[in-house]
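Number of protein chains: 2
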Amino acid sequence: MSDVARVAGVSVMTVSNVVNGRPRVSAETRLRVLEVVADLGYEVNLTAKRLRAGRTGTVALVVPRFDHPYFGELAGRFATLLGEKGLHLAVEQSGASREGELSAVSHARLHMYDGVILSVVGLHYDDVDRLRTDLPIVLLGEQVVPERFDHVMMANVEGARLATAHLLERGSRRVAMAGGTPSGPSTGASELRSEGWRAAHRDAGLEPPEDLLVPMPDLEAATAHRVVAEALARARERGALPDAVFAVTDQVSLGVRAALHDAGLRVPQDVRLIGFDDLGLVQHVPPGLSSVDPHNGWIVERATDLLLSRIAGSTEPPQHLVAPASIAARASTA
Amino acid sequence: MSDVARVAGVSVMTVSNVVNGRPRVSAETRLRVLEVVADLGYEVNLTAKRLRAGRTGTVALVVPRFDHPYFGELAGRFATLLGEKGLHLAVEQSGASREGELSAVSHARLHMYDGVILSVVGLHYDDVDRLRTDLPIVLLGEQVVPERFDHVMMANVEGARLATAHLLERGSRRVAMAGGTPSGPSTGASELRSEGWRAAHRDAGLEPPEDLLVPMPDLEAATAHRVVAEALARARERGALPDAVFAVTDQVSLGVRAALHDAGLRVPQDVRLIGFDDLGLVQHVPPGLSSVDPHNGWIVERATDLLLSRIAGSTEPPQHLVAPASIAARASTA
DNA sequence: ATGAAAGCGCTAACAT
DNA sequence: ATGTTAGCGCTTTCAT
Chain A
1 MSDVARVAGV
11 SVMTVSNVVN
21 GRPRVSAETR
31 LRVLEVVADL
41 GYEVNLTAKR
51 LRAGRTGTVA
61 LVVPRFDHPY
71 FGELAGRFAT
81 LLGEKGLHLA
91 VEQSGASREG
101 ELSAVSHARL
111 HMYDGVILSV
121 VGLHYDDVDR
131 LRTDLPIVLL
141 GEQVVPERFD
151 HVMMANVEGA
161 RLATAHLLER
171 GSRRVAMAGG
181 TPSGPSTGAS
191 ELRSEGWRAA
201 HRDAGLEPPE
211 DLLVPMPDLE
221 AATAHRVVAE
231 ALARARERGA
241 LPDAVFAVTD
251 QVSLGVRAAL
261 HDAGLRVPQD
271 VRLIGFDDLG
281 LVQHVPPGLS
291 SVDPHNGWIV
301 ERATDLLLSR
311 IAGSTEPPQH
321 LVAPASIAAR
331 ASTA
Chain B
1 MSDVARVAGV
11 SVMTVSNVVN
21 GRPRVSAETR
31 LRVLEVVADL
41 GYEVNLTAKR
51 LRAGRTGTVA
61 LVVPRFDHPY
71 FGELAGRFAT
81 LLGEKGLHLA
91 VEQSGASREG
101 ELSAVSHARL
111 HMYDGVILSV
121 VGLHYDDVDR
131 LRTDLPIVLL
141 GEQVVPERFD
151 HVMMANVEGA
161 RLATAHLLER
171 GSRRVAMAGG
181 TPSGPSTGAS
191 ELRSEGWRAA
201 HRDAGLEPPE
211 DLLVPMPDLE
221 AATAHRVVAE
231 ALARARERGA
241 LPDAVFAVTD
251 QVSLGVRAAL
261 HDAGLRVPQD
271 VRLIGFDDLG
281 LVQHVPPGLS
291 SVDPHNGWIV
301 ERATDLLLSR
311 IAGSTEPPQH
321 LVAPASIAAR
331 ASTA
């Protein structure tokens, strides 16, 4: 910038004014400066600008993994919405581990950003509680989190209840839950959604068939494929196949679909199937997979609003929002 | 930092030395400073550190869209590898448009990063040629790009040739190409892969059946689903159904799979199907979709090596690398 | 309409 | 082992 100033015969301040389109610069000075800028190929140094401004114009989204379609869809929505508000999105990966997430939210790292949207999969309550809050943070995800943070989550119980009721209404009577968890403290998506599965059974006057919960070590499609294949083999031996499956996520639903195919079971004729997340791709997986629509658009809008108002200095009490949920019915539950 | 220095009764330089773990600080001074740091909750300001250092420790990956599984998988691999090298990855979305990509690679934006890996979908040769090169940039993608850039691409022609040959070897004789392009300048993935499809036919002594190319306005699964459904309906009227489909990408393959299902055609009994990219999810889409494995691991390693050596100041002539390709054979081509 | 001075938080280089 | 000086590139404030 000082080079430009020297060559153009003006002060750096005038260059700054021209480059930033501020008024009070004569047309001819502006022109001359612009010429020199082009000649010298000058470009602002954002790092310096930010040091001075004390803000970065960039928001971070920290997700457990880049390679899960759910987070890809989420990131796309955030990028679009933030772009409209003149902010930039950088996506970081926390690695789905406590360590990764803790390091991803270390203030050292995050001071690069004006605010952070953090998907808290893998962080425990105490870890979140330990986070300093002098940086605007909005939490996403199905964990229970400390009161003092803004938090937007899905309607886990209600969505699962809707999905299970959807199956029961269509006449299914042995509704398995892939990725379900035996009763326990309600601390994550799997637990909450299992509660919804139980609630739907009770609403229908049925005892929740706990033997049809199929727990999994993780919620990858490959894991679901393997675990459900084994569960189906055992159920078949006992002559006790399910007639429907509620999968805790669409990734799991995909694995279940594959396992059912391998077992020679037709969807929906032999077994109905519904997932959770409504990933764009599940409508293209034969025969078209039903899913719980978690209203990601709503989640992204609310999270963005909360973050922006915190960045603007809002000291409102922290909010804890739950998105609506609805059923995207497709052929797999027809 | 100066607050810490004052309270601890030392100079800011000593604080800097302690905080950065540099030697030549007495144990007791170090201890005292660390205590004050904890008391005051001091954290380094990375922006200032970077302004001073002139480098950011962060590399950007610019992808067309966050919500395409291929880029999610790619980003995950880059993040892991760069993490091992002590660098941080931020992913940016260009929006798959010329404008988006140009703004994403504007120097103003990119000066935040030590280097950039840019996926050039949507950029024309001239646009790329206009990029300044005082920042290390490695190009990814199937476009033809100016010589002066490092570039890593897939084996498009060879991969498509392998896929098509794989189908022909298994006895298919009417191999359609979903997302194929009638002969023309070889400027993108679709064109190059169509060339491979032609080459395999010629290798087998067959005339490429140009009427079995099914062009598409974009390569979304939904588009493929619709376009292929229409093409199948027309083909059926003429009694000229294909007995195999090579899909230009796995996203397209997914759409083709759905269209085949809707048309009552079985995979692989009535129609064999193979895609390109080997996304993790296609092995779980019934009956398990074959695909061309583009060796993403190789691509990511090479691109990272190139970028890091440029960042380190290498002035080697620019490299243009082509990854190996192989067939991941699954039930859809059995 | 333009400019000079000061300083954002940090560290390399050079004292002591 | 510790401190002083200078400056990274920019903008805010206060002249002129």
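Chains A and B supply the protein sequences, listed in that same order.
With UniProt numbering, the residue at position 86 of the first sequence is 86, and numbering never jumps.
With UniProt numbering, the residue at position 289 of the second sequence is 289, and numbering never jumps.
Ideal Cβ positions, reconstructed from N, Cα and C, are used throughout, including at glycine.
CA-CA distance, R173/A to Y70/A, rounds to 30 Å. Excluding its 5 nearest sequence neighbours in each direction, G255/B has C-beta neighbours in its own chain below 6 Å: A221, A224, H225, listed in chain order. Within the UniProt domain "HTH lacI-type" (1–53) of chain B, the residues whose Cβ lies closer than 8 Å to any Cβ of chain A are, in chain order, G41, E43, V44, N45, L46, T47, A48, R50, L51. Proximity of G297/A to chain B, defined by a Cβ-Cβ separation below 8 Å, is not satisfied. For G159/B, the enclosing alpha helix (DSSP H) begins and ends at 156–169. CA-CA distance, R77/A to D114/A, rounds to 19 Å. Scanning A325/A, D127/A, D150/A for the CA closest to the CA of V116/A turns up D150/A. Within chain A, the residues V285 have their CB atoms less than 7 Å from the CB of V285/B, given in chain order. Membership of R272/B in the beta strand (DSSP E) is indicated by the continuous run 272–276. Within the segment 224–267 of chain B, the complete beta strand (DSSP E) segments at least 3 residues long are 244–247, listed from N- to C-terminus.
The segment 249–269 of chain B and the segment 306–322 of chain A do not touch, with fewer than 3 CB-CB distances between them shorter than 8 Å.
With contacts defined as CB atoms closer than 8 Å, L289/B and P136/B fail to qualify as a contacting pair. Beta-bridge annotation (DSSP): H295/B is not paired with any residue. Remark: C-beta atoms of G205/A and S190/A do not approach each other more closely than 8 Å. DSSP places L46/A within a helical segment (H, G or I) once states are collapsed to three. Look at the segment 137–150 of chain A: it has no residue with a C-beta under 7 Å from a C-beta of chain B.
Distance from I299/A to H166/A at the Cβ level is roughly 21 Å; contact not present, criterion being Cβ atoms closer than 8 Å. Residue pairing from DSSP places V59/B in a beta bridge opposite L89/B, G115/B.
Interface annotation, A79/B: in contact with chain A, CB-CB separation under 8 Å. Straight-line spacing of the CA atoms in V33/B and P23/B works out to 14 Å. For V322/A, no alpha helix (DSSP H) segment is defined; the enclosing uninterrupted segment is the beta strand (DSSP E) at 320–322. One finds nothing in chain B with a Cβ atom closer than 9 Å to the Cβ of F246/A; even the nearest lies about 18 Å away.
Per DSSP, reduced to three states, the secondary structure at M153/A is strand.
Within its own chain, the residues whose Cβ lies closer than 8 Å to the Cβ of A75/B, once the five positions on either side in sequence are excluded, are L61, V63, L89, V91, listed in chain order. In chain order, L281, H284, V285 make up the part of chain A whose C-beta sits under 9 Å from the C-beta of L254/B. For A176/A, the uninterrupted beta strand (DSSP E) segment begins and ends at 175–178.
Here V322/A has M153, A155 as same chain residues with Cβ atoms under 7 Å from its own Cβ, once five neighbours each way along the sequence are excluded. Excluding residues up to 5 positions away in sequence, T304, L308 lie with their Cβ nearer than 8 Å to the Cβ of K85/A in the same chain. Considering only H111/A, R148/A, D126/A, the residue with the shortest C-alpha distance to R55/A is H111/A.
With respect to the 8 Å criterion, S332/A and P294/A are not classified as neighbours on the basis of their beta carbons. L219/A and P318/B have their alpha carbons spaced roughly 42 Å apart. Identification of residues in the segment 64–75 of chain B having a C-beta nearer than 9 Å to some C-beta of chain A yields R65, F66, D67, H68, P69, F71, G72, E73, L74, A75, given in sequence order. Counting only residues of its own chain and dropping the five nearest sequence neighbours on each side, P268/B has a CB closer than 8 Å to the CB of P287, A331, S332, T333, A334.
Taking a C-beta distance under 8 Å as the contact criterion, L51/A and T47/B qualify as a contact pair. Secondary structure note for L139/B: its beta strand (DSSP E) is the uninterrupted segment 137–140. Annotation for L40/A: D3, V4, V7 place their beta carbon closer than 8 Å to its own, counting only its chain and skipping 5 residues before and after.
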